[in-house]
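Input: a single structure, listed below in structure tokens.
2 protein chains.
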Amino acid sequence: MASAPIPEAAEATSSQTVRALLRLREMILAGELAPGERLSEPVMAEATGISRTPIRTALVRLQEEGLLEPIQSGGFRVRAFSLDEIRDAIQIRATLEGLSARLAAERGVAPALLEALADCVDQIDEVLAGDEALSEARFAAYVDGNARFHELIAGACGSEVVRRQVERAMALPFASPNGFLRVQAVAPDALHTLRLANAQHRAVVEALAGREGARAEALMREHARIPQRNLETTLAHPAIRELIPGASLIVPG
Amino acid sequence: MASAPIPEAAEATSSQTVRALLRLREMILAGELAPGERLSEPVMAEATGISRTPIRTALVRLQEEGLLEPIQSGGFRVRAFSLDEIRDAIQIRATLEGLSARLAAERGVAPALLEALADCVDQIDEVLAGDEALSEARFAAYVDGNARFHELIAGACGSEVVRRQVERAMALPFASPNGFLRVQAVAPDALHTLRLANAQHRAVVEALAGREGARAEALMREHARIPQRNLETTLAHPAIRELIPGASLIVPG
DNA sequence: CAGTTTTACTGTGTATACACTTTGCCCTGT
DNA sequence: ACAGGGCAAAGTGTATACACAGTAAAACTG
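One line per chain: the protein sequences are Z and Y, in this order. Heads up: the first sequence begins at 4 in my numbering, then just goes up one per residue. Heads up: the second sequence begins at 4 in my numbering, then just goes up one per residue.
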């Protein structure tokens, strides 16, 4: 706000634009900004202590990402995702991840990467070992490992173009894992579901190692049915609407 | 530049940002800006007569689109696409169009849209009728019709999310049709190739009408092999390097 | 003569000021 | 009381100014 550099630096991110981008995305995904709500630049500038220019840049990026939609008279509003659109986004992501897996298998995956993938799967298995109900900490560990696996797959075909596209698809309408965590309390067979998911992870790695392109793709797509199923069972539960205040849903898989 | 409204209006586009976006994209795709070249904001502002702010907004958009890449020290440079990346982009596009076709078939396509698709295919057939070699005008007409068909497919599943993603994939490293047009002179079997392509279009429409999701997807993917083959045969020709100065290649299909 | 340091310039990142558009509210007239 | 027009306020789009960083070139020193 002042011309001083403001060295308080709650976050040591380099640029104001990045700060604004992260903050705004966080606010949207956390539901602080209601879907359909208009984002006033002056208001956001005041709220974040960042001037209008970086805010504006961040808004343009978020529109390009699909989280915001332009308003006729100018400016942006928070995009409201329908359930069908969430289903679509799951499909898109699954399809692109399948493509990435197939290309990776066809072109061959570096041994180091194969090992990293195998390690990742093993680590997830360790997290899921035992019979006790899934604690939040263990679930969080699963989410981390899962995210890592999917990142590795996205980059496995060695193509920046593919990686970007997959990443974009993954960022789409999947909101914070919080929503799902709370839903976990409702789902009794979470452990079983996640073990199944990791078994599929392992199968994908094997297909990659065997350079079986079509199989890698099919397995990866099949894997995507888990989030879809999670979504449906989650929605079937009557208490959901209350559990998830902003209609942001999330379904890692 | 001056504070006057500048009512000359060579193009009656509403906003400076849109003007800048279109102009810059055109310049990049036409090869006026060499791949790897840094885009200086002041220079572009001077060249276009638009001030830095809209230029900057356009640059951010183009980066998000993937045509520009950020430079460490700030600013952007024109993204140079390798042949492998062009192949990847074709695959991505084919995969997403396949998805769109499948979803559309599964969910059912409105009769009006089916009719529009059929009309589109018929129109292309008319363009391709006759035995004379393909003139530039007829080829341009084909390109138009083809683009229209693919747009319709992208929107056929009725999902904004899917449509956006497909559109983005299509915009990726496919440059102006000019490159291909010039290559046409080299390819003697162009007419045959395009007829085959349109036959595939028709098959896709039939699959959509019959609500055969898997078939629609497979056909659409198969359809994508045409640009890929065009790319390979084009590259195989020795005179290509000379014909296409900036390594921007394009392969409509 | 070569290496290093300093200086100047170019260019981005950011802030702010200004103009124009749109929208909502109020007042007036029928 | 309702409708239409006008006015005011808020907000975007755009331009421009300023500060800091990076880079390249030139000059100075060893």
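Just so it is clear, CB atoms sit at the ideal spot from N, CA and C, and this is done for glycine as well. From a predicted model like this one, the values you see are computed outputs, not experimental measurements.
Given a limit of 7 Å on CB to CB distance, which residues of the region 47-69 of chain Z reach chain Y? Flagged, chain order: Thr-60, Val-63, Arg-64, Glu-67, Gly-69.
Cα-Cα separation, Z:Thr-20 to Z:Glu-35: Counting from one through the first sequence, the residue named residue 20 of chain Z turns up at place 17. Counting from one through the first sequence, the residue named residue 35 of chain Z turns up at place 32. Straight-line Cα distance between these residues: approximately 20 Å.
Anything in the region 102-115 of chain Z with a Cβ closer than 8 Å to a Cβ of chain Y? List those residues in chain order, please. Answer set for the region 102-115 of chain Z: Leu-102, Leu-106.
Given that Z:Arg-232 touches chain Y, what residues does it touch there, using C-beta distances under 9 Å? Counting from one through the first sequence, the residue named residue 232 of chain Z turns up at place 229. What Z:Arg-232 touches in chain Y: nothing, since even the nearest Cβ is about 17 Å away.
Span of the alpha helix (DSSP H) holding Z:Val-112? Indexing the first sequence from 1 puts residue 112 of chain Z at position 109. Unbroken run through Z:Val-112: none, as it is neither H nor E.
I'd like to check one pair, Y:Ala-107 with Y:Ala-159: are the Cβ atoms closer than 7 Å? One-based indexing of the second sequence puts residue 159 of chain Y at position 156. One-based indexing of the second sequence puts residue 107 of chain Y at position 104. Contact flag set, yes.
Compare the C-beta of Z:Met-92 against all C-beta atoms of chain Y and say whether one is closer than 7 Å. Numbered from its first residue, the first sequence carries residue 92 of chain Z at position 89. It is worth fixing the name first, because residue 92 of chain Z is Ala in this sequence and not Met. So yes, Z:Ala-92 belongs to the interface.
Round the Cβ separation of Y:Leu-234 and Y:Ala-193 to the nearest angstrom and send it over; I've been treating them as touching at under 8 Å. Along the second sequence, one-based indexing puts residue 234 of chain Y at 231. Along the second sequence, one-based indexing puts residue 193 of chain Y at 190. Contact between Y:Leu-234 and Y:Ala-193 fails: their C-beta atoms lie close to 14 Å from each other, not under 8 Å.
Name the residues in the region 210-227 of chain Y whose C-beta lies less than 9 Å from a C-beta of chain Z; which are they? Here the close residues number zero.
Which residue wins for smallest C-alpha separation from Y:Ala-121, given the options Y:Asp-87, Y:Ala-50, Y:Leu-211? Locating residue 121 of chain Y in the second sequence gives position 118, where the first residue counts as 1. Its Cα nearest to that of Y:Ala-121, the residue Y:Leu-211 stands out among Y:Asp-87, Y:Ala-50, Y:Leu-211.
Given a threshold of 16 other Cβ atoms within 10 Å of its Cβ, counted over all protein chains shown, does Y:Leu-175 qualify as buried or as exposed? Stepping through the second sequence from its first residue, residue 175 of chain Y is reached at position 172. By the C-beta density criterion, Y:Leu-175 is buried, having at least 16 other C-beta atoms within 10 angstroms.
If you draw a straight line from the alpha carbon of Z:Val-124 to that of Z:Phe-152, how long is it in whole angstroms? Against the first sequence, residue 124 of chain Z aligns to sequence position 121. Against the first sequence, residue 152 of chain Z aligns to sequence position 149. Each residue's alpha carbon lies about 7 Å from the other.
Compute the distance between the beta-carbons of Y:Thr-98 and Z:Thr-98, then report whether it is under 7 Å. Sequence index remark: in the second sequence, residue 98 of chain Y carries index 95 (1-based). Sequence index remark: in the first sequence, residue 98 of chain Z carries index 95 (1-based). Yes. Within cutoff.
Between which two residues does the beta strand (DSSP E) harbouring Y:Leu-71 extend? Start at 1 with the first residue of the second sequence, and residue 71 of chain Y comes out as number 68. Per DSSP, the unbroken beta strand (DSSP E) holding Y:Leu-71 starts and ends at 71-73.
Contacts around Z:Glu-215, its chain only, beta-carbon distance under 8 Å, and the 5 residues preceding and following it disregarded: For the purposes of this step, residue 215 of chain Z is taken as residue 212 along the first sequence, with counting starting at 1. Result list for Z:Glu-215: Ala-108, in chain order.
What ranges does the alpha helix (DSSP H) occupy inside the region 77-164 of chain Z, keeping only unbroken runs of at least 4 residues that lie completely in it? Within the region 77-164 of chain Z, the runs of alpha helix (DSSP H) that reach at least 4 residues and sit entirely inside it are, in chain order, 86-110, 114-131, 139-159.
Pick helix, strand or coil for Y:Leu-42, following the three-state DSSP scheme. Working through the second sequence from its first residue, we reach residue 42 of chain Y at position 39. Reduced to three states, the DSSP call for Y:Leu-42 is strand.
Selection from Z:Ala-202, Z:Glu-154, Z:Pro-38, Z:Pro-73 that minimises the alpha carbon distance to Z:Asp-128: Your numbering for residue 128 of chain Z matches position 125 in the first sequence. Minimum Cα distance to Z:Asp-128 is reached at Z:Ala-202.
Taking Y:Glu-163 as the query, report the chain Z residues whose CB atoms sit under 8 Å from its CB, ordered along the chain. Translated into the one-based positions of the second sequence, residue 163 of chain Y becomes position 160. Those are Glu-88, listed as they occur along chain Z.
Can you give me the Cβ contacts of Z:Leu-42 inside the same chain, cut-off strictly under 6 Å, excluding the 5 residues immediately before and after it? In the first sequence, counting from the first residue as 1, residue 42 of chain Z sits at position 39. Phe-79, listed in sequence order.
Continuous alpha helix (DSSP H) stretch holding Z:Ile-53: start and end: Reading the first sequence from its first residue, position 50 is the one you call residue 53 of chain Z. Premise fails: Z:Ile-53 is in no alpha helix (DSSP H) and is neither H nor E.
Cβ contact (3+ pairs, closer than 8 Å) linking the region 214-229 of chain Y and the region 88-104 of chain Y: Yes, the region 214-229 of chain Y is in contact with the region 88-104 of chain Y.
What number of angstroms, rounded off, separates the C-alpha of Z:Glu-337 from the C-alpha of Z:Arg-141? Residue 337 of chain Z is absent from the model: chain Z starts at 4 and stops at 256.
What is the rounded straight-line gap between the Cα of Y:Val-46 and the Cα of Z:Glu-163? Residue numbering aside, residue 46 of chain Y sits at position 43 when the second sequence is read from its first letter. Residue numbering aside, residue 163 of chain Z sits at position 160 when the first sequence is read from its first letter. Rounded to whole angstroms, the separation of the alpha carbons of Z:Glu-163 and Y:Val-46 is 29 Å.
Could you give the first and the last residue of the continuous alpha helix (DSSP H) run that contains Z:Arg-26? Position 23 of the first sequence, counted from the start, is the residue given in the question as residue 26 of chain Z. Here the alpha helix (DSSP H) through Z:Arg-26 covers 19-33.
What is the rounded straight-line gap between the Cα of Y:Gly-148 and the Cα of Z:Glu-72? For this step, residue 148 of chain Y is matched to residue 145 along the second sequence. For this step, residue 72 of chain Z is matched to residue 69 along the first sequence. Spanning the two alpha carbons is a distance of roughly 29 Å.
Neighbour flag for Y:Ile-95 against chain Z, beta carbons, 7 Å: Mapped onto the second sequence, residue 95 of chain Y falls at position 92. With 7 Å as the cut-off, Y:Ile-95 counts as an interface residue toward chain Z.
Do you know how far the Cα of Z:Glu-49 is from the Cα of Z:Met-30? Taking the first residue of the first sequence as position 1, residue 30 of chain Z is located at position 27. Taking the first residue of the first sequence as position 1, residue 49 of chain Z is located at position 46. Looking at the two C-alpha atoms, the distance is approximately 15 Å.
Simplified DSSP state of Z:Glu-209, which is helix, strand or coil: Here residue 209 of chain Z is taken as the residue at index 206 of the first sequence, counted from 1. Reduced to three states, the DSSP call for Z:Glu-209 is helix.
Do we get a CB-CB distance below 7 Å when we pair Y:Gln-19 with the residues of chain Z? Translated into positions along the second sequence, residue 19 of chain Y becomes position 16. False, the Cβ-Cβ gap to chain Z never drops below 7 Å.
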